[in-house]
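Student: Here it is, the structure in full.
2 protein chains.
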Amino acid sequence: MTVTLADVAARAQVSPATVSRVLNGNYPVAAATRERVLRAVADLDYVLNGPASSLAAATSDLVGILVNDIADPFFGIMAGAVQSEIGGPGGRAGGERLAVVCNTGGSPERELTYLTLLQRQRAAAVVITGGAIEDAGHAQALTAKLQRLSEAGTRVVLCGRPPAPGTEAIALTFDNRGGGHRLTGHLLSLGHRRIGYIAGPEERTTTRHRLEGHREALADAGLPTGEELTVHGPYDRGSGYEATLELLRREPGLTAVVAANDTVALGACAALRESGRRIPDDVSVCGFDDLPFSVDAVPALTTVRLPLSDAGARAGRIAMGREKEPPGGVATVRGELVVRGSTGRA
Amino acid sequence: MTVTLADVAARAQVSPATVSRVLNGNYPVAAATRERVLRAVADLDYVLNGPASSLAAATSDLVGILVNDIADPFFGIMAGAVQSEIGGPGGRAGGERLAVVCNTGGSPERELTYLTLLQRQRAAAVVITGGAIEDAGHAQALTAKLQRLSEAGTRVVLCGRPPAPGTEAIALTFDNRGGGHRLTGHLLSLGHRRIGYIAGPEERTTTRHRLEGHREALADAGLPTGEELTVHGPYDRGSGYEATLELLRREPGLTAVVAANDTVALGACAALRESGRRIPDDVSVCGFDDLPFSVDAVPALTTVRLPLSDAGARAGRIAMGREKEPPGGVATVRGELVVRGSTGRA
DNA sequence: CTGTTAGCGCATTCAG
DNA sequence: CTGAATGCGCTAACAG
Chain A
1 MTVTLADVAA RAQVSPATVS RVLNGNYPVA AATRERVLRA VADLDYVLNG PASSLAAATS
61 DLVGILVNDI ADPFFGIMAG AVQSEIGGPG GRAGGERLAV VCNTGGSPER ELTYLTLLQR
121 QRAAAVVITG GAIEDAGHAQ ALTAKLQRLS EAGTRVVLCG RPPAPGTEAI ALTFDNRGGG
181 HRLTGHLLSL GHRRIGYIAG PEERTTTRHR LEGHREALAD AGLPTGEELT VHGPYDRGSG
241 YEATLELLRR EPGLTAVVAA NDTVALGACA ALRESGRRIP DDVSVCGFDD LPFSVDAVPA
301 LTTVRLPLSD AGARAGRIAM GREKEPPGGV ATVRGELVVR GSTGRA
Chain B
1 MTVTLADVAA RAQVSPATVS RVLNGNYPVA AATRERVLRA VADLDYVLNG PASSLAAATS
61 DLVGILVNDI ADPFFGIMAG AVQSEIGGPG GRAGGERLAV VCNTGGSPER ELTYLTLLQR
121 QRAAAVVITG GAIEDAGHAQ ALTAKLQRLS EAGTRVVLCG RPPAPGTEAI ALTFDNRGGG
181 HRLTGHLLSL GHRRIGYIAG PEERTTTRHR LEGHREALAD AGLPTGEELT VHGPYDRGSG
241 YEATLELLRR EPGLTAVVAA NDTVALGACA ALRESGRRIP DDVSVCGFDD LPFSVDAVPA
301 LTTVRLPLSD AGARAGRIAM GREKEPPGGV ATVRGELVVR GSTGRA
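Quick note, the sequences are listed as chains A and B, same order. Per full-length UniProt numbering, the first sequence starts with residue 1, numbered consecutively. Per full-length UniProt numbering, the second sequence starts with residue 1, numbered consecutively.
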């Protein structure tokens, strides 16, 4: 029924082994023979059986990319970059790898489930993007799982996440703390003193580091860290909107709002505008990430640009073993302060 | 080295067959035996070998989701919705399916490559999102490939793409033509007559249908279809920006701009603003899709809302065989005109 | 350079 | 309800 390697071999009048060799291209085969085999493949419209191939070879061409939220360009940009380095020649069979992105939705269970599924498929590599959940139980389970993956020969790379001690995972970490520090430093230099902070979800490394940077900047300036002006929420537009209304309630004299990321900042801008405040004349706003739409906001967002695409591409190359791992298995990726129209003097 | 089914069987003192049966849960096993097996699985930290399992069963738990641009929320939202319906119980082994999204980057070759890869993996289903490339050669190759997939037992669902005649693929098509028609109708009713159109890439069904709707509306009103005021470009911000400058050059008296989608519209707004024009006082702008950021644009974008999330979820359910297929295998999903601040009287 | 020989790990018959 | 036997389709030694 379904055509197999043996069928191709019969038609090309060679042994199955030879067909396998031309298909995988990792072994010398006479040009004429190769020709004949390829024609037979085309004639029969043969497609390699992936599971059988992976079973026999004890490895697959699957590369998993885990993202917290596939609808968020922050992850989409990284995932696309990872994938662009993974596709193309280099795979085992047919020279193509299957880069697959898995959407965890930010759920620790789903993260683990996907890793198990990838482990089950004997994935060649796994790239995990974005911040981690800070829960002791989950961290332990994750560490164990990553270790298991490494032992099974799956290369693990973290992109935009702190290192995972106790594992062999390579980490490209974003300097969220430093970025947050510079952002707030910028506001302070403009004379702002009553600064609201809209943080991401609690128990997320990204959230915590950005917030710590903010508070360090405040502390450096000898100011109170203003816990009462911090509101947590998800990394979405609605959160920025709601949180801003809440901040305004707590401190009507607010002169600046720092948002967990650009998307949240957009919601903050909407809320401020609806409350009759002008940006940046009455209140300054900043975001984080510098997503593509940020430059088109009105006024354009002051933010911290993270080289998402570069980082993703690098993670992809490391996952493929095409780039040297950073010393110690950890590299820090800095964000650059981008000052635009949404911030001004207090 | 790596623990196998046999190891689990030995530890649980049952036969491999029994272990397989409890793992797949599709066969009666005594509760006590099941207990023992599950404990052994936990003790040994056993993970099923996916390739071996798929090989023996001649099917896998992989479900592929093809997207044109993973960094674009338009696709991210659909992909996330598809995936939310695919995950969870229902899979063969362990009750979990691996929903994987593949980024074609809009390239026909990559689309085919990914489909082959998925075919190779004996994917349970494939959901293809977004418009198709209108190239006779590619269409033929794609039809053949989809047919091959169907024959191999892979369910194929198109989401946001016209039906593929000659295949068994189910299609949830967006009414891009109708949406485009209503959008332009709205502008005409506001008195606009000199309307620029920024179309997406040529040879894309989405592009063509939206544009046709636009021209039909013009024709219905007895106006020329204004081919000289149509500019093509990719579905991104930069395209909107450049195209708008070009349109302004061709017709400085433009009173409205219709963009291929919201992202393009954002770029158009930026260009208009930089040219000193106010929106909507001098020039009205509309987008398409109603992505999350569109409501936060200033002024908020008039657009056509596509139920991306609903459509994706439905596609996912159909792919899983959990929802009845639409009659004739085709369903049309309408877009709703959403009038906001970016459009006003001419 | 090419053919032969063995499994890879699991799901299924088929018996019991 | 459970065990034994068979083969899924392919790759990887090993010979030639």
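Backbone N, C-alpha and C fix where the C-beta goes; we use that ideal spot for every residue, glycine too.
#1: Ends of the alpha helix (DSSP H) at residue 347(B)?
#2: On the three-state DSSP scale, how would you describe residue 89(A)?
#3: Which of helix, strand or coil does DSSP assign to residue 291(A)?
#4: Is the CB-CB distance between residue 183(A) and residue 258(A) below 8 Å?
#5: Classify residue 26(B) as buried or exposed, calling it buried when 16 or more other Cβ atoms lie within 10 Å of its own Cβ.
#6: In its own chain, which residues sit with a C-beta less than 8 Å from the C-beta of residue 44(B), not counting the 5 before and 5 after it?
#7: How about residue 90(A): is its C-beta nearer than 8 Å to some C-beta of chain B?
#8: Using beta-carbon positions only, say whether residue 287(B) and residue 265(B) come within less than 8 Å of one another.
#9: Tell me which residues share the same chain as residue 91(A) and place their Cβ nearer than 6 Å to its Cβ, disregarding the 5 neighbours each side in the sequence.
#10: Name the residue from 73(A), 42(A) and 262(A) whose alpha carbon lies nearest to the alpha carbon of residue 238(A).
#11: Rounded to whole angstroms, how far is the Cβ of residue 332(B) from the Cβ of residue 175(B), which I believe are closer than 8 Å?
#12: For residue 178(A) and residue 70(B), I'd like the C-alpha separation in whole angstroms.
#13: What are the start and end residues of the beta strand (DSSP E) that includes residue 346(B)?
#14: Kindly list the residues whose CB is nearer than 8 Å to the CB of residue 199(A), restricted to its own chain and excluding five residues on each side of it in sequence; keep chain order.
#15: Specify the secondary structure class of residue 60(B) as computed by DSSP and reduced to three states.
#16: By the criterion of Cβ-Cβ separation under 8 Å, what are the contact partners of residue 296(A) in chain B?
#17: State buried or exposed for residue 151(A), treating a residue as buried only when at least 16 other CB atoms are found within 10 Å of its CB.
#18: Who are the near neighbours of residue 341(B) in its chain, counting only those whose CB is closer than 6 Å to its CB and skipping five residues on each side?
#19: Below 8 Å between beta carbons: does that hold for residue 171(A) and residue 329(A)?
#20: Could you give the C-beta distance for residue 167(B) and residue 147(B), rounded to a whole number, given that I count them as a contact under 8 Å?
#21: Just to make sure I have the definition right: I need the residues of chain B whose C-beta is within less than 7 Å of the C-beta of residue 310(A). Which are they?
#22: Can you tell me whether residue 56(B) is buried or exposed, with buried defined as 16 or more other CB within 10 angstroms of its CB?
#23: With H, G and I counted as helix, E and B as strand and the rest as coil, what does DSSP make of residue 71(A)?
#24: Any chance the stretch 242-258 of chain A sits against the stretch 275-289 of chain A, with 3 or more Cβ pairs inside 8 Å?
#25: Which chain B residues are close to residue 329(A), counting only those with a beta carbon under 9 Å from its beta carbon?
#26: Drop a sphere of 10 angstroms on the beta-carbon of residue 119(A), count the other beta-carbons inside from all chains shown, and report buried for 16 or more, exposed for fewer.
#27: Run through chain A and tell me which residues come within less than 9 Å of residue 103(B), C-beta to C-beta.
#28: Can you list, in chain order, the residues of its chain whose CB lies under 6 Å from that of residue 5(A), leaving out five sequence neighbours each side?
#29: Is it right to say residue 236(A) is buried, meaning 16 or more other beta carbons lie within 10 angstroms of its own, or is it exposed?
#30: Checking 8 Å against the spacing of the C-beta atoms, do residue 343(A) and residue 214(A) come in under that value?
#31: Kindly identify the DSSP beta-bridge partner or partners of residue 150(A).
#32: By the three-class DSSP mapping on this structure, what secondary structure does residue 314(A) have?
#33: Going straight from the alpha carbon of residue 201(A) to that of residue 104(A), what length do you get?
#34: Could you give the residue range of the alpha helix (DSSP H) that holds residue 221(B)?
#35: Alpha helix (DSSP H) containing residue 267(A): first to last residue?
#36: Does the contact criterion of 3 or more C-beta pairs under 8 Å hold for the stretch 127-136 of chain A versus the stretch 119-136 of chain B?
Tutor: Taking the coordinates as given:
#1: Because chain B here runs from 1 to 346, residue 347(B) falls outside it and cannot be looked at.
#2: With a pLDDT of 43 at residue 89(A), under the threshold of 50, the predicted position of this residue should be treated as unreliable, though the coordinate-derived value follows. In the three-state scheme derived from DSSP, where H, G and I count as helix and E and B as strand, residue 89(A) is classed as coil.
#3: Residue 291(A) sits in coil when the DSSP states are folded into three classes, being neither helix nor strand.
#4: It is a contact, given that the beta carbons lie within the stated cut-off.
#5: With fewer than 16 other Cβ atoms from the protein chains shown falling within 10 Å of its own Cβ, residue 26(B) counts as exposed.
#6: Close CB contacts of residue 44(B) within its chain, under the 8 Å cut and outside five residues either way in sequence, are with 3, 7, 8 and 11 (chain order).
#7: Confidence at residue 90(A) is low in this model, with a pLDDT of 41, below 50, so its placement is unreliable and no value can be given for it.
#8: Pairing residue 287(B) with residue 265(B) gives a Cβ-Cβ distance under 8 Å.
#9: Because residue 91(A) sits at a pLDDT of 41, beneath the cut-off of 50, its placement in the model cannot be relied upon, and the point is left open.
#10: Nearest to residue 238(A) by alpha-carbon distance, out of 73(A), 42(A) and 262(A), is 262(A).
#11: Confirmed, Cβ separation roughly 5 Å.
#12: Within the model, the alpha-carbon separation for residue 178(A) versus residue 70(B) is close to 29 Å.
#13: Taken as a continuous stretch (DSSP letters only), residue 346(B) belongs to no beta strand (DSSP E), as it is neither H nor E.
#14: Excluding residues within five positions, the ones whose Cβ falls inside 8 Å are 207, 210, 211, 230, 231, 232, 233 and 260.
#15: In this structure, residue 60(B) counts as coil in the three-state DSSP scheme.
#16: Chain B residues near residue 296(A): 237, 266, 267, 269, 270 and 297.
#17: Residue 151(A) comes out exposed.
#18: Excluding positions up to five away in sequence, the list reads 299 and 300.
#19: Taking the C-beta atoms as reference points, residue 329(A) is found nearer than 8 Å to residue 171(A).
#20: The pair is a contact, with the Cβ atoms about 5 Å apart (cut-off 8 Å).
#21: The contact set of residue 310(A) on chain B, defined by CB atoms closer than 7 Å, is empty, because the minimum CB distance reaches about 14 Å.
#22: When all chains shown are included, residue 56(B) counts as exposed.
#23: Residue 71(A) falls in the coil class under three-state DSSP.
#24: Result yes; three or more Cβ-Cβ pairs closer than 8 Å.
#25: Simply none; closest approach about 24 Å.
#26: Per the 10 Å Cβ criterion, buried.
#27: In chain order: 76, 79, 80, 83, 84, 87, 99 and 101.
#28: Only 16 and 19 meet the Cβ criterion.
#29: Under this definition residue 236(A) is a buried residue.
#30: At the C-beta level, residue 343(A) and residue 214(A) stay beyond 8 Å of one another.
#31: Bridge partners of residue 150(A): none, in fact.
#32: In the three-state reduction of the DSSP assignment, residue 314(A) falls in the helix class, which pools H, G and I.
#33: Roughly 15 Å separates the two Cα atoms.
#34: According to the DSSP assignment, residue 221(B) belongs to no alpha helix (DSSP H), since it is labelled neither H nor E.
#35: Unbroken alpha helix (DSSP H) run through residue 267(A): 262-274.
#36: No: the two stretches stay apart, fewer than three of their Cβ pairs being nearer than 8 Å.
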